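Step one of this worksheet: look at the structure below.
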Amino acid sequence: MKFTVLESALNQRILLDAQVLQQHAEQAKDFDVMIGWSLGGQLATLLVEAVEKQYQQQKVLITLASNPCFVAYENWQTAMSPATFQSFKQSFEADAIATLKKFGFMVCQGTATTKQDFLQLQSLLQPQSLDLLKQGLNCLEHLNTVEILQNYTGHQLHLLAKQDFLVSYKVLDNLKTLGAIFLDAMLLTGSHGLPVFHVNEVTDKICQYLQKMD
Numbered sequence: 011m012k013f014t015v016l017e018s019a020l021n022q023r024i025l026l027d028a029q030v031l032q033q034h035a036e037q038a039k040d041f042d043v044m045i046g047w048s049l050g051g052q053l054a055t056l057l058v059e060a061v062e063k064q065y066q067q068q069k070v071l072i073t074l075a076s077n078p079c080f081v082a083y084e085n086w087q088t089a090m091s092p093a094t095f096q097s098f099k100q101s102f103e104a105d106a107i108a109t110l111k112k113f114g115f116m117v118c119q120g121t122a123t124t125k126q127d128f129l130q131l132q133s134l135l136q137p138q139s140l141d142l143l144k145q146g147l148n149c150l151e152h153l154n155t156v157e158i159l160q161n162y163t164g165h166q167l168h169l170l171a172k173q174d175f176l177v178s179y180k181v182l183d184n185l186k187t188l189g190a191i192f193l194d195a196m197l198l199t200g201s202h203g204l205p206v207f208h209v210n211e212v213t214d215k216i217c218q219y220l221q222k223m224d
């Protein structure tokens, strides 16, 4: 079984350029499972939809601590309020470094090991261009993959974190009400940084899920 993983800051251009999306879909058709963390989960959702449309293949979709709609919309209220997100964007424009540091802390927030996790996260981060980060904010603001998940005919697993400060655990109930045929959602202990700080638990759940499909 072949996997491809989309990280939260990977290839936001996939949203902006249909040709780029087509290229990614062409590569993805040779993989069995698409996994994405946070924004990467939304990008993975776009990708499985593109593969289904272009190649009539249903790939397994797995999202980690990912909200299909990060900013609240009419059809998805369990998300960040538009006013709060606009405030965050303004902070980023005024002082990108300080805002990113605050965001990194929020990724780790909610558990007893927040401070230790934050230090670990800081050591793992790689420099990103401001343009790429701005594209990421634009994606978070406008991307809504709720209908894709609702209509997707392939298998999908969504792992959410109980103490997540950025994506409410209540998203779990919303996902279950979508009525998608092969949708599973589970709640694990941890912060938004679930796949970073609870690697074993996350991989165990993924492996158990995939083994049941064999």
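Note that the working numbering has the sequence shown beginning at 11, numbered continuously upward.
Ideal Cβ positions, reconstructed from N, Cα and C, are used throughout, including at glycine.
Small disclaimer: the values here were computed from a predicted structure and weren't measured.
query = Considering only residues of the same chain and omitting the five flanking positions on each side of residue 62, which have a CB-CB separation below 8 Å?
reply = 68, 69, 162, 163, 164
key: Contact check, residue 204 vs residue 169, beta carbons under 8 Å   = yes
message = By alpha-carbon positions, which one of 167, 151, 121, 142 ends up nearest to residue 73?
response = 167
ask   = In chain order, which continuous runs of the alpha helix (DSSP H) of length 4 or greater are located wholly inside the region 43-68?
value = 49-65
request  = Would you tell me roughly how many angstroms separate the C-alpha atoms of residue 213 and residue 36, rounded to the nearest one?
outcome  = 26 Å
Sequence-distant residues of the same chain with beta carbon closer than 7 Å to residue 85, five excluded per side = 156
message = Can you list, in chain order, the residues of its chain with a C-beta nearer than 6 Å to that of residue 192? Leave out the 5 residues immediately preceding and following it.
response = 165
key: Exposure of residue 199, with buried meaning 16 or more beta-carbon neighbours within 10 Å   = exposed
task = Let me know if residue 216 comes out buried or exposed under the rule of 16 or more other beta-carbons within 10 Å of its beta-carbon.
result = buried
task = Please list, in chain order, all residues of the same chain as residue 109 whose beta carbon is under 8 Å from its beta carbon, the five residues on each side excluded.
result = 98, 101, 102
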